[in-house]
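So the protein sequences, as listed, match chains U and D. Note that the first sequence covers residues 10 to 499 in the numbering used here. Note that the second sequence covers residues 534 to 875 in the numbering used here. Yeah, the Cβ is synthetic: ideal placement off N, Cα and C, and Gly gets one too. Keep in mind that this is a model prediction, so the values were computed, not measured. Notes follow once the structure below has been shown.
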Amino acid sequence: MIRLIYIFDKIGRLNKLDTSLFLVKTESDIDMVVNAAQLLKTKCIVCSTDQETLEKSWEKLGGNIDRYLLVDEDDGIYEVQMGDQGISGKQLKAGLDQADVLFFGKDSTMEELILLKQSQPKIVLGDLQLYTLDYYEVWQHYRQIADHIFLTVLTKEGKPEVVDWTRDESNNIELSIVLPIYNVGKYLEACIESLTQWNADYFEIIAVNDGSTDNSLEILNRLAQNDKRIRVITKENGGCASARKKGMELARGRYIGFVDPDDFTTPDMFYLLHRRALLGGYEVAYCGYNEYYETTKKHLPIISDNLYHPYNLGTINPKEIRNLIITSQIAIWRCIYKAEFLKREGITFKEDIRRFDDLPFKFEVLAKARSVVSLIDFMYFYRLERPGQDISANDDRLFVHFAIFKHLDDLVKELGEAEITDLLQITKINTHLWALSKLQEKFKREYKKGVKKDLKTNMGIIRSALVALRYRDKKFMMKSLLLSLGFING
Amino acid sequence: MKPFVTFVVPAYNVANYIEDCIYSILNQSEKDFKIVIVDDGSTDGETPHICKRFAEQYPDRIEAIFQQNKGLGGARNTGLISVDSKYVMFLDSDDFLDLNFIKYIKMFEKEYSEMQIDMIFTLPIIYDDLQKIFYDWHDVALFDRIFMHNPYCIPAINPDLYELEVSACRKLFSTEFLKRIDFKFDENLKYEDFFPHFYTLSLARNCLGFRGTSFYYRVNRVGQITSLRNSARLDIVKVLEKTYQYVASLNDIRIMRSFLRQSVVFTKWCISNSTPEIRAELVDKLSVFYAQLPKHIVDEYCKLEGSRRNKLYIKAIRSKFLTKYLKDYIYFELLKSVKNNV
């Protein structure tokens, strides 16, 4: 049994509580009740599905317990009178009064828990293993009733994790998905349909229409009429960053996800992400993605991506989290973020950056996040070969990188940690190398000038090469040297 | 009758956590205790109110003291004055006790009641506030090695005790023992646990190791201000100097070796968790400190040190030429990639 004792501590001080209900299935559950009954000054009710367990708990607990109940999945609940010789035979069909706390152990089944819902517990405490009982299902059943749900879960990998959830009276939304929309009428419907197939009522889609000039708004309004979970917000054109920022401000969910309206997802992507993030209260949860080719309609999962150990188990090691900045192409659209975390750290989008606004956002998130988890599942489809895409830019639009890195330079200065500064340097080298390989010949001269200056803001040439060696290899070190000297031509 | 144990709980801007801590003591299955809360000039406005409310609610169990800010050590000293129980424990306000701690440790201590026990070592459990998960304490293996067969131990005979983590919270001190050696924490310095660890152990006669869970040590709490960014980190050098002088006066090479190992582990951690400016200054000062240690002592330490990284580190920091490389974390990281042959 994982340490439920700690929870007893917290409950112990809530003297307002009247009744606790224990679902007892095994010997260790009985021990738990013995421990708890000492501490709780509440009325205690023990219930079980078989008489033997009830008799055993009577032996150990005796008169400390007020009521013994026998739960039958088909017939309902019976009151059992206990005498000196165990069960004294009397069995009366009984209703279940309101109980303030519900405890259950590993061997409980979903049917029993659904039956016990009628006790309307304010606090649900459970100890379960992932392969016997699904925590998400328990949570879904009790989230309407209970104020506080605390479940200790042993995952398949053998890692203990915790669901610690408190109901927010003012709002019912768990997850907000923000869509910045600008002239994507052709793809919009497919995108939103892929999201709305998840039939939960506790997520919302915030579609921010950024002054589209095509039929996007009409499509949105039509979709929103049929589905109350879609909120349409209209604003004047201000760029993708401003639309995302607006959506983020209006989001009510505890988690926020961003989807590009020209892409689409598998129907269960956000269900699975939320499910994973809820277990352990992770600040960032992400999954893998596919590249989807518009012309051939084929997709390709990107497997050379940092989805695997230790991230799939969930990590709280800042070094591992920061390494994600350089080892994976975490685009913002395949993650969900804890809203509380974004607010606490003041992370938002920079409106003055018109393109690639996800780069600084991603950097800031990973530099500051305290817990991250990944799902090894390729659920997002990233549409390529679409005309007018940012990623296919090869002219002076790429000069926006210098503005982005100026923001990030300020950020790392404020954080004042050498390691993050170095990771920024690697990011700079990578990005500039990529940009130079794309850029048209006539812009290269000017771009290279900018690169030289940009790479020198935080550190000298030698140090920069050393950093490249530390995080990558000798080849990358040479590239870094050549780039800072302006010898690389793409 | 005197209570069995008094908990001295310093409180400085911990309104979110102190209730957990105090209630975890009040909820104990054995009620043989007193609590002294020392509000160390909190500035958040709430903490003093909470302390006052507790003292009014449980006047026979809880005493609240309010004082100007004197630091953790100063607050503990103030709390210590009024203690009259058999044992005293310094609990931090963001930690919380195990439910049955007093009950079990009282039973455990009773077996040794004919002896004059000076210190009882306990084994806390780390509680990760971020993920609500529990971990073992860092030195479980060593603790078990020392106390596995016999929970009774004399520091003069078994100097392995010095290698245990320096934290003052994890020990129960006999009040009489602290009075006898006229013990006080340093008021102006951070890292107030380091010197007392060596000081009290060198004077203690009978120690016990209690294997049951004592308290839950909270890590990763939201809004925790790590002392990373301020110059208090430099206090470590003063603490090391003071401790070194004391340990040298004991003239026992085994204790000296433990001191060096503890200091190496501790300063390595300090260096890798500092901002660049403080890091440079810290390495300079540490280098001066380590360079003045007599060579035979360092050699003696290196002879029995199992970790190659630690050996390399102490050699590098003693040499004037290599010190400048330690200032840059890149080289420090490269040091970490040295293979450890244990």
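Completely contained alpha helix (DSSP H) runs for the segment 719 to 791 of chain D, where each covers 4 or more residues: If only uninterrupted alpha helix (DSSP H) runs of at least 4 residues are considered, those enclosed by the segment 719 to 791 of chain D are 727 to 736 and 768 to 783.
Neighbour flag for D:Q590 against chain U, beta carbons, 8 Å: It does not; no Cβ of chain U falls within 8 Å.
CB contact flag (D:D651, D:R738, <8 Å): Yes, the pair counts as a contact, with Cβ atoms nearer than the cut-off.
Alpha-carbon spacing of D:I679 relative to U:A294, whole angstroms: Their Cα atoms are separated by approximately 43 Å.
Among D:A813, D:H582 and D:R744, the one whose alpha carbon lies nearest that of D:P684: Of D:A813, D:H582 and D:R744, the residue nearest in Cα terms is D:R744.
Short CB-CB distance (under 8 Å) between D:T800 and chain U: Judged by the 8 Å Cβ criterion, D:T800 is not in contact with chain U.
6 Å Cβ shell around U:T275 - same chain, five flanking residues per side excluded: Leaving aside the five residues that flank U:T275 on each side, the residues in its chain whose CB is nearer than 6 Å to its CB run, in chain order, M388.
Bounding residues of the beta strand (DSSP E) (the contiguous stretch that carries D:M622): First-last of the beta strand (DSSP E) with D:M622: Y620 to F623.
Rounded Cβ spacing between U:K131 and U:D106 (contact assumed at less than 8 Å): Between U:D106 and U:K131 the Cβ distance is about 13 Å, and since that is not below 8 Å, they are no contact.
DSSP bridge partner residues for U:T440 (one or two, in chain order): In the DSSP assignment, U:T440 is bridged to no other residue.
Contact with chain U by D:P879, beta-carbon distance below 8 Å: Missing from the structure shown is residue 879 of chain D; chain D here goes from 534 to 875 and no further.
Proximity of U:K335 and U:R379 at Cβ, strictly below 8 Å: It should be noted that the sequence gives Ile, not Lys, for residue 335 of chain U. No, the Cβ-Cβ distance between U:I335 and U:R379 is not below 8 Å.
Member of U:E198, U:Q338 and U:K126 whose CA lies at the smallest distance from the CA of U:K371: With distances taken between Cα atoms, U:K371 lies closest to U:Q338.
Inter-stretch contact (C-beta, 8 Å, three-pair minimum) for the segment 593 to 609 of chain D and the segment 667 to 679 of chain D: Counting Cβ pairs under 8 Å, fewer than three are found: no touch.
Nearest-angstrom Cα separation, counted from U:L259 out to D:E838: Counting only the Cα atoms, U:L259 lies some 59 Å from D:E838.
Test: U:M10 CB closer than 8 Å to a CB of chain D: The pLDDT assigned to U:M10 is 41, lower than 50, so where the model puts this residue is not dependable, and the model offers no usable value.
Residue-level contact to chain D via CB, U:G469, 8 Å cutoff: No Cβ of chain D is located within less than 8 Å of the beta carbon of U:G469.
Between the CA atoms of D:M640 and D:F667 - distance to the nearest angstrom: If you take the alpha carbons of D:F667 and D:M640, they lie about 25 Å apart.
Beta carbon proximity, D:I758 to chain U, threshold 8 Å: Low confidence applies here, because D:I758 scores a pLDDT of 49, under 50, leaving its location unreliable; read the following figure in that light. No, no contact with chain U.
Chain-ordered neighbours of U:R379 on chain D, where CB pairs are closer than 8 Å: Those are L663 and N753, listed as they occur along chain D.
Secondary structure of U:L393, DSSP reduced to three states: Three-state result, U:L393: strand.
Minimum C-alpha distance to U:E146 - residue among U:T51, U:L281 and U:A340: Ranking the options by Cα distance to U:E146, first place goes to U:L281.
Distance between D:E644 and D:L741 (C-alpha atoms, nearest Å): D:E644 has its alpha-carbon roughly 11 Å from the corresponding atom of D:L741.
From U:I158, U:N181, U:I265 and U:T164, residue whose alpha carbon lies closest to that of U:V172: Distances from the alpha-carbon of U:V172 to those of U:I158, U:N181, U:I265 and U:T164 put U:I158 closest.
CA nearest to the CA of U:L309, picked from U:G297, U:E245, U:Y320 and U:K126: Nearest Cα to U:L309 within the set U:G297, U:E245, U:Y320 and U:K126: U:G297.
Every unbroken beta strand (DSSP E) within the segment 661 to 716 of chain D, with a cutoff of 3 residues, ordered by chain: With a minimum length of 3 residues, the unbroken runs of beta strand (DSSP E) contained wholly in the segment 661 to 716 of chain D fall at 666 to 669 and 704 to 707.
Limits of the unbroken alpha helix (DSSP H) element including U:Y456: Counting along the chain, the alpha helix (DSSP H) containing U:Y456 begins and ends at E450 to K465.
Which residues DSSP lists as bridging U:L30, in chain order: DSSP, once it has assigned bridges, lists U:I54 and U:L111 as partnering U:L30.
Assigned secondary structure, U:H283 (DSSP; H/G/I helix, E/B strand, else coil): It is helical.
Minimum Cβ-Cβ distance from U:P319 to chain D less than 8 Å: Taking Cβ atoms only, chain D never reaches closer than 8 Å to U:P319, which makes this a no.
Continuous alpha helix (DSSP H) stretch holding U:N299: start and end: Note, U:N299: premise wrong, no alpha helix (DSSP H); beta strand (DSSP E) at V293 to Y302.
C-beta neighbour in chain U for D:I786, strict 8 Å: It does not; no Cβ of chain U falls within 8 Å.
Residue from U:D109, U:K69, U:V55 and U:V162 whose Cα sits closest to the Cα of U:V89: The closest CA to that of U:V89, considering only U:D109, U:K69, U:V55 and U:V162, is found on U:V55.
CA-to-CA distance, U:I471 to U:S179, given in whole angstroms: U:S179 and U:I471 have their C-alpha atoms some 55 Å from each other.
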